[in-house]
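For what it's worth, our numbering labels the leading residue of the sequence shown as 2, then goes sequentially. First the structure, in the form of structure tokens, and then the observations on it.
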Amino acid sequence: MENFSQEEADVIGEISNISIGSSATAMNLMLGQPITITTPSVSLVHRDDILNEYEQSCIVIRVQYIEGLFGSNMLVLKDEDAKVITDLMMGNGGTGEYATGEITALHLSAVSEAMNQMTASSATAMSKMFNNKIDISPPTVQSVIIENFVFPEDMPDDLFVKINFRMKIGKLIDSTIMQLYPFDLAHSIYKMFQRRK
Numbered sequence: 002m003e004n005f006s007q008e009e010a011d012v013i014g015e016i017s018n019i020s021i022g023s024s025a026t027a028m029n030l031m032l033g034q035p036i037t038i039t040t041p042s043v044s045l046v047h048r049d050d051i052l053n054e055y056e057q058s059c060i061v062i063r064v065q066y067i068e069g070l071f072g073s074n075m076l077v078l079k080d081e082d083a084k085v086i087t088d089l090m091m092g093n094g095g096t097g098e099y100a101t102g103e104i105t106a107l108h109l110s111a112v113s114e115a116m117n118q119m120t121a122s123s124a125t126a127m128s129k130m131f132n133n134k135i136d137i138s139p140p141t142v143q144s145v146i147i148e149n150f151v152f153p154e155d156m157p158d159d160l161f162v163k164i165n166f167r168m169k170i171g172k173l174i175d176s177t178i179m180q181l182y183p184f185d186l187a188h189s190i191y192k193m194f195q196r197r198k
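Set out below in structure tokens:
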């Protein structure tokens, strides 16, 4: 990968694996379903190509690091997965009234709560890994039309490190969740990992 060594890819993948794995535990408690997240695949992508694998719309979750690391990263969920997660959080079985139809403010609120729990667990796992406090702001969640999506001003990078995880939630979801680090932030995380040794 140009500008991005295999070692960096392996380190970022392992860090994401540990932090997302910690998040899965929090999500399991919240949703009451077994959560399985597979080993991630890591690649370097141009910003224009990031959302190509999604259809018309998706859910974008933005998380800002405010202590220990600085910058933003994003998680991307498919609409269908967000609906199932919302239905579970509303006390249904994942196939109820909230699992169909359009994405509403209720879906965004439920996903925001789920992601708040997940990202907090992820930050705690990273803090332990680096022996350095990592803190984040509460995530912002939005439903985006892909052709209209504009990256936030604080994410001007052309290159992003894309981490794809296969996520299973019981028998309800077998899908992909994407995590995106701006290249410079991913490099900072790699350097922090190196200093830890």
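A virtual CB, placed ideally from N, CA and C, is assigned to each residue, including glycine.
In the DSSP assignment, ARG63 falls within the unbroken beta strand (DSSP E) covering 58-68. Of the residues assessed, PRO35 falls on the exposed side of the cut-off, its CB having fewer than 16 other CB atoms within 10 angstroms.
ILE170 sits away from TYR182, with the two beta carbons spaced by 9 Å or more.
The secondary-structure analysis by DSSP pairs PRO183 across a beta bridge with PHE161.
Look at the beta carbons and you see the segment 9-26 not touching the segment 102-112: under three pairs across the two are nearer than 8 Å. Non-local beta-carbon contacts of THR40 in its own chain, meaning distances under 7 Å to residues more than five positions away in sequence, involve ASN18 in chain order. One thing to note: LEU89 has its Cβ no nearer than 9 Å to the Cβ of GLY22.
Taking the Cα of MET127 as reference, the smallest distance to any Cα among ASP50, GLU56, GLU103, ILE190 is reached at ILE190. Beta bridge pairing from DSSP links ASN117 with no other residue. VAL162 is positioned such that its CB atom lies closer than 9 Å to that of SER44.
The straight-line gap separating the alpha-carbon atoms of GLY72 and TYR66 is approximately 5 Å. Taking a contact as a CB-CB distance under 8 Å, the pair SER58 and ASP80 counts as one, their CB atoms being some 6 Å apart.
For the 9 Å CB-CB criterion, ILE135 and GLU68 form a contact. With fewer than 16 other beta carbons inside 10 angstroms of its own, PRO139 counts as exposed. Note on geometry: alpha-carbon atoms of ALA100 and PHE5 lie some 39 Å from one another. Less than 9 Å separates the beta-carbon of LYS84 from that of ILE104.
The straight-line gap separating the alpha-carbon atoms of VAL145 and LEU78 is approximately 11 Å. For ASN29, the uninterrupted alpha helix (DSSP H) run begins and ends at 7-32, by DSSP. Residue pairing by DSSP puts ASP175 in a beta bridge opposite LYS169.
With a contact defined as Cβ atoms closer than 8 Å, LEU173 and GLY95 qualify at about 4 Å. Annotation for THR87: the continuous alpha helix (DSSP H) segment containing it runs 80-90.
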